[in-house]
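Residue 49 in the numbering used here sits at position 27 of the sequence shown, and the numbers go up by one each step. For each residue, glycine too, the CB sits at the ideal point set by N, CA and C.
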Amino acid sequence: MFSKIVKSTTFLLFAATTLSAANFNAGAEKDRLEMIKYFEAKFEDPAKNLNRFFPYSDEEELATKYDKGLKHMDFNIGSYAYSKDAKFQYEQLKEMPPYDYAIDKGEELYTKKFANGNSLQTCFPDLTNAGTYPYFDEKSKKMVSLTSTINDCLRANGEKEWDTKKGPLAEFQAYWVNESKEAGKIFDIKINSQAEKDAYERGKEYYYTQRGYLKLSCATCHVQGAGQRVRNEILSPLVGQVTHFPVLRLKWTDIGTVERRLSGCVVDQGQVPPKDESQTMIELLYFLAYMSNGMPVDGPDVRK
Ligand code: HEC
């Protein structure tokens, strides 16, 4: 009798924890699936979808310059997925990847000794996990990004922290992410606790908040606006938007972090970007990374 009670309470406890663990990401999972559905519908046939999704576009342009029938995984290359001309240029650039130098430099940095004899390798023995960042660190009760964790390692070893936008930090990320890519890893962001759920919700809120005198949110451009032309660029979709960082932008001429790119977009909204290692920035990245869950880690990459 007693053992029966113990058994059934253990079962109940087990059921309760698995249920609640599943619950924490239920909302996020719904967001992710709906977003994939939205983009697949939008890019199923842009010209045919003119009235529904591209009311101000030119039908001729949509019919001749846009690819059709796109599926979830196609969005891993951002706007190159649907823009035929841009995709052609992108594929040519990829034949001699201009970011290879950064992977090599990152590999050297990985084992280079700090003054105390440790190295980045001491902090990060496994580099196949880039797709699990950002995550919530139970010990410090803080969200950690691929960028903040590198500077945390430097600081903990008495080294000077690095610029969070370019230079050695971006180069080391290029090596790290490439190791994850070569190991065939996908984005695998977890939301297993109330703290993580709250962080996701705050990141999502940041994404959908309208800012500046034009009242633009990230979503104005990268959800509703995805596929539309802004000057000479076509707007990329939220899904798959952070799978390929760090990125060598032709405009920058060197490799840069995802924070560098996001800060540019926030400045374009007429706002002051959050600090790169702030919880606000990391929570925004957490939301973005969750929306790319299930997609391959695909950095570094090249963009216009
Ligand atoms: C006024 C429109 C606009 C707004 C608002 C905007 N962006 Fe962008 N964003 C762009 C343009 C244009 C590009 C370059 C073309 C592209 O890849 O989308 C870009 C590029 C990006 C990229 C790089 C995509 C890639 O494939 O490498 C990311 C990530 C991004 N934006 C995120 C954001 C986030 C997060 C916000 C909100 C904080 C935001 N953007 C707000 C216009 C905008």
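Our two residues, ASN200 and LYS52, have alpha carbons roughly 30 Å apart in a direct line.
Cα atoms of TYR78 and ILE256: separation of roughly 14 Å, rounded to the nearest angstrom.
Pairing TYR222 with PHE309, the inter-Cα distance amounts to about 5 Å. Taken through DSSP and simplified to helix, strand or coil, GLY292 comes out as coil. Distance check between GLY153 and each of THR265, SER162, TYR60, MET57 places THR265 closest, using alpha-carbon atoms only. Excluding residues up to 5 positions away in sequence, LYS187, LYS188 lie with their Cβ nearer than 7 Å to the Cβ of ARG282 in the same chain. Secondary structure note for PHE110: it is in no beta strand (DSSP E), and the uninterrupted alpha helix (DSSP H) holding it is 106 to 117. For ILE277, the beta-bridge partners assigned by DSSP are LEU270. The DSSP-derived three-state label of LYS59 is helix. Secondary structure note for ASP323: its beta strand (DSSP E) is the uninterrupted segment 323 to 325. Within 8 Å of the C-beta of ILE58 there is not a single heavy atom belonging to the ligand HEC. Per the coordinates, the alpha-carbon of LYS64 lies some 9 Å from the alpha-carbon of LEU92.
When secondary structure is reduced to three states using DSSP, LYS52 falls in the helix class.
Spatial neighbours of SER239 in its own chain (CB-CB distance under 6 Å, excluding positions within 5 residues in sequence) are listed in chain order as TYR230, THR231, GLN232. GLY234 counts as exposed, since fewer than 16 other beta carbons sit within 10 angstroms of its beta carbon.
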